[in-house]
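K.L.:
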Amino acid sequence: METVEKVLAELRRKIDGIDDQILSLLNQRALVAQQIGQAKAGQGLDFYNPGRELAVFERLVAQNCGPFPADAVKRVFREIISASLSLEQPMKVAFLGPSATFTHQAAQKQFGFSAQLVALKSIPAVFEEVRRGRADFGVVPVENTTEGIVSHTLDMFVESDLVINAEILMEISHDLLSVSGRMEDVGRVLSHPQALAQCRHWLEENLADVPLVDAPSTAMAARQASEDPGIAAIASEIAASLYGLRIIKSKIQDNTNNLTRFLVVGRTLSPRTGQDKTSVMFIVADQPGILCRMLEPFSRRNINLTKIESRPIKSKAWEYVFFLDLEGHAEDAAVSEALADLQSCCRSFKILGSYPRCR
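Okay, structure coming up:
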């Protein structure tokens, strides 16, 4: 009868053989990726195609019959694709920093660890880095299911020529962190205003007498907490690990379905995938019935509008710019016709991008 050691030794030999096959296949895939990069360069095509990546993930997850977890399939191939892209062309991605923020995590989720991720101090700085060509893409937050729109991001599109290339949806989980990990040591709570707002009810119930202090980011709050035992930060589990903090209480956000949407901005439009979303920005003349006229072209063609938002025009009192998200690509016939009808009643009109819809 075989001993346990012999059984384990045989199984480990099988694992080693499989790992050798995986390594060989990864290198074969890398060679093909390099050939694709050369072909794209010869035709002047963009090396990054978010729609193609999404299709790869969905096809592999659909084919996976286990026991390897479906979520892990996407994470593994995210890094394989990221490493392959780095062979085609090193990718530099700017994001609203600092490190360990949720925007940082969104950038890692979209581009993987092989991309060069650069933290910047503000949303305008991210747009400027991409506009000047010092970064290939930028990642910025645009809205949260609890606290709504990130106005600074929408305002940037008024004057910027950058376009939206992709969207990222992330579940946001807030933890209360400190050096000691004890509730009784908390003298102040620091975090980004959005994070504080998303945890408002929990804080009122559990730390009603403790001052709440705004910080530039959740990661900056975590860094300050690491330097002062009396400060607790609301930040991510990754921030706790980075700054050597302990978790006092995890998942303190009031809304368990707390999602933030991020945008990937770049300099060229994304190709059509068949599962797209289009964002537009426009200014209309102040006329009776103008709002009805804005929406009618989409209703008549049965085009679903997923969001409509207005922002005041800073240079003109009581005038507004509208932002509209709709299902479909600007090159789709029905969408193209509807946008042409909308443009006819606008004083200003701009397509902000057509990009793969995050599902």
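Start counting the sequence shown at 1; every next residue gets the next number (UniProt numbering). Beta carbons: idealized from backbone N, C-alpha and C, even for Gly. All values derive from a computational prediction rather than experimental measurement.
Which residue marks the beginning of the alpha helix (DSSP H) containing G51, and which one marks its end?
P.N.:
Taking the sequence shown and counting its residues from 1, one reaches residue 51 at position 51. Note, G51: alpha helix (DSSP H), P50 to Q63.
K.L.:
So, using beta-carbon positions, are L269 and S348 closer together than 8 angstroms?
P.N.:
Position 269 of the sequence shown, counted from the first residue, corresponds to residue 269. Position 348 of the sequence shown, counted from the first residue, corresponds to residue 348. Cβ distance not < 8 angstroms, so L269 and S348 don't count as in contact.
K.L.:
Counting only runs of 3+ residues fully inside the region 272 to 350, write out the beta strand (DSSP E) ranges in chain order.
P.N.:
Correct list: 276 to 284, 305 to 312 and 320 to 327.
K.L.:
How about L263 and V140: are their beta carbons less than 8 angstroms apart?
P.N.:
Translated into positions along the sequence shown, residue 263 becomes position 263. Translated into positions along the sequence shown, residue 140 becomes position 140. Their beta carbons are under 8 angstroms apart, which means L263 touches V140 by this criterion.
K.L.:
On the three-state DSSP scale, how would you describe R261?
P.N.:
Taking the first residue of the sequence shown as position 1, residue 261 is located at position 261. Of the three classes helix, strand and coil, the one that applies to R261 here is strand, per DSSP.
K.L.:
So A41 is in the alpha helix (DSSP H); what residue range does that whole segment cover?
P.N.:
As a first step, residue 41 must be located in the sequence shown, where it is residue number 41. A41 -> alpha helix (DSSP H) spans V4 to Q43.
K.L.:
Would you tell me roughly how many angstroms separate the C-alpha atoms of L162 and G230, rounded to the nearest one?
P.N.:
Reading the sequence shown from its first residue, position 162 is the one you call residue 162. Reading the sequence shown from its first residue, position 230 is the one you call residue 230. Cα to Cα, the separation comes out at about 43 angstroms.
K.L.:
List the DSSP bridge partners of V118.
P.N.:
Against the sequence shown, residue 118 aligns to sequence position 118. Answer by DSSP bridge pairing, in chain order: A94.
K.L.:
How big is the Cα-Cα spacing for R311 and D20?
P.N.:
As a working note, residue 311 is residue 311 in the sequence shown. As a working note, residue 20 is residue 20 in the sequence shown. Near 56 angstroms, if we compare the C-alpha coordinates of D20 and R311.
K.L.:
Fully enclosed by the region 178 to 231, which alpha helix (DSSP H) runs are 4 residues long or longer?
P.N.:
Listed in chain order, they are 193 to 198, 200 to 206 and 218 to 227.
K.L.:
Can you tell me the Cα-Cα spacing of A125 and G17, whole angstroms?
P.N.:
Counted from its first residue, the sequence shown places residue 125 at position 125. Counted from its first residue, the sequence shown places residue 17 at position 17. Each residue's Cα considered, the two are about 48 angstroms apart.
K.L.:
Start and end of the beta strand (DSSP E) containing P124?
P.N.:
Position 124 of the sequence shown holds residue 124. P124 -> not in any beta strand (DSSP E); alpha helix (DSSP H) instead, spanning I123 to R131.
K.L.:
Please confirm whether R293 and I248 have their CB atoms less than 8 angstroms apart.
P.N.:
Position 293 of the sequence shown holds residue 293. Position 248 of the sequence shown holds residue 248. No, the Cβ-Cβ distance between R293 and I248 is not below 8 angstroms.
K.L.:
With distances taken between CB atoms, is the gap from T273 to P356 smaller than 8 angstroms?
P.N.:
Walking along the sequence shown from the start, residue 273 turns up at place 273. Walking along the sequence shown from the start, residue 356 turns up at place 356. Yes.
K.L.:
Would you grab the beta carbon distance between I81 and V56 for me? Rounded to a whole angstrom, and I think it's under 8 angstroms.
P.N.:
One-based indexing of the sequence shown puts residue 81 at position 81. One-based indexing of the sequence shown puts residue 56 at position 56. Right, the Cβ-Cβ distance comes to about 7 angstroms (below 8 angstroms), so this counts as a contact.
K.L.:
By the DSSP assignment, the alpha helix (DSSP H) with L162 in it spans what residues?
P.N.:
In the sequence shown, residue 162 corresponds to position 162, counting from 1. No alpha helix (DSSP H) holds L162; DSSP gives it neither H nor E.
K.L.:
With the cut-off set at 8 angstroms, would you say E337 and N304 are in Cβ contact?
P.N.:
Numbered from 1 along the sequence shown, position 337 holds the residue referred to as residue 337. Numbered from 1 along the sequence shown, position 304 holds the residue referred to as residue 304. No, the pair does not count as a contact, with Cβ atoms beyond the cut-off.
K.L.:
Our contact map puts L339 next to A333 with C-beta atoms below 8 angstroms; I'd like the distance itself, whole angstroms only.
P.N.:
Within the sequence shown, residue 339 is the residue found at index 339, counting from 1. Within the sequence shown, residue 333 is the residue found at index 333, counting from 1. About 11 angstroms separates the two Cβ atoms, so there is no contact after all.
K.L.:
How long is the line joining the alpha carbons of N49 and V142, rounded to whole angstroms?
P.N.:
Here residue 49 refers to the residue found at position 49 of the sequence shown. Here residue 142 refers to the residue found at position 142 of the sequence shown. So the two alpha carbons sit approximately 21 angstroms from each other.
K.L.:
Per DSSP, F111 is paired with what?
P.N.:
Taking the first residue of the sequence shown as position 1, residue 111 is located at position 111. Looking at the DSSP assignment, F111 forms no beta bridge with any residue, so it has no partner.
K.L.:
Rounding to the nearest angstrom, what Cα-Cα distance links I351 and E205 in this structure?
P.N.:
Taking the sequence shown and counting its residues from 1, one reaches residue 351 at position 351. Taking the sequence shown and counting its residues from 1, one reaches residue 205 at position 205. So the alpha carbons of these two residues sit roughly 45 angstroms apart.
K.L.:
Less than 8 angstroms between the C-beta atoms of H192 and A221, yes or no?
P.N.:
If you number the sequence shown from 1, residue 192 lands on position 192. If you number the sequence shown from 1, residue 221 lands on position 221. It is a contact, given that the beta carbons lie within the stated cut-off.
K.L.:
Since G353 sits in a beta bridge, which residues does DSSP pair it with?
P.N.:
For the purposes of this step, residue 353 is identified with residue 353 of the sequence shown, where counting begins at 1. Partner(s): S279.
K.L.:
Might you give, ordered along the chain, the residues of its own chain that have their beta carbon closer than 6 angstroms to the beta carbon of L54, omitting 5 neighbours on each side?
P.N.:
The sequence position of residue 54 within the sequence shown is 54, counting from 1. If we look at L54 and ignore the five residues flanking it on each side, its Cβ neighbours are P356.
K.L.:
For K74, which residues in the same chain have their Cβ closer than 7 angstroms to its Cβ, ignoring the five residues on either side in sequence?
P.N.:
As a first step, residue 74 is located in the sequence shown; it is residue number 74 there, counting from the start. Closer than 7 angstroms at the Cβ level, and outside the excluded window around K74, lie F57 and V61.
K.L.:
Just verifying my parser: in three-state terms, what is the DSSP assignment at I248?
P.N.:
On the sequence shown, residue 248 is found 248 positions in, with the first residue counted as 1. Three-state result, I248: strand.
K.L.:
Taking just the CA atoms, how far does I15 sit from V7?
P.N.:
What you label residue 7 is simply residue 7 of the sequence shown in a count that begins at 1. What you label residue 15 is simply residue 15 of the sequence shown in a count that begins at 1. If you take the alpha carbons of V7 and I15, they lie about 12 angstroms apart.
K.L.:
Would you grab the beta carbon distance between S178 and A232 for me? Rounded to a whole angstrom, and I think it's under 8 angstroms.
P.N.:
Within the sequence shown, the letter at position 178 stands for residue 178. Within the sequence shown, the letter at position 232 stands for residue 232. Sure, about 4 angstroms apart at Cβ, within 8 angstroms.
K.L.:
Near R246, which residues of its chain fall below 6 angstroms by C-beta distance, leaving aside the five closest residues on each side in sequence?
P.N.:
The sequence position of residue 246 within the sequence shown is 246, counting from 1. Contacts found: G181.
K.L.:
Kindly indicate which three-state DSSP category L176 falls into: helix, strand or coil?
P.N.:
Looking up residue 176 in the sequence shown gives position 176. If DSSP states are grouped into helix, strand and coil, L176 belongs with the strands.
K.L.:
Is the distance from the Cβ of G138 to the Cβ of V150 below 8 angstroms?
P.N.:
Locating residue 138 in the sequence shown gives position 138, counting from the first residue. Locating residue 150 in the sequence shown gives position 150, counting from the first residue. No, Cβ-Cβ distance for G138 and V150 is not below 8 angstroms.
K.L.:
One question on the structure: do I168 and A106 come within less than 8 angstroms of each other, judged by their Cβ atoms?
P.N.:
Within the sequence shown, numbered from 1, the residue matching residue 168 stands at position 168. Within the sequence shown, numbered from 1, the residue matching residue 106 stands at position 106. Yes.
K.L.:
Does the distance from the CB of D175 to the CB of S236 come in under 8 angstroms?
P.N.:
In the sequence shown, residue 175 corresponds to position 175, counting from 1. In the sequence shown, residue 236 corresponds to position 236, counting from 1. Yes; because the gap between Cβ atoms is below 8 angstroms, this pair is in contact.
K.L.:
Measuring only the C-alpha atoms, how far is R134 from F127?
P.N.:
Along the sequence shown, one-based indexing puts residue 134 at 134. Along the sequence shown, one-based indexing puts residue 127 at 127. Using only the alpha carbons, I get a separation of about 10 angstroms.
K.L.:
Which residues does DSSP list as the beta-bridge partners of N144?
P.N.:
Within the sequence shown, the letter at position 144 stands for residue 144. Answer by DSSP bridge pairing, in chain order: G148 and T260.
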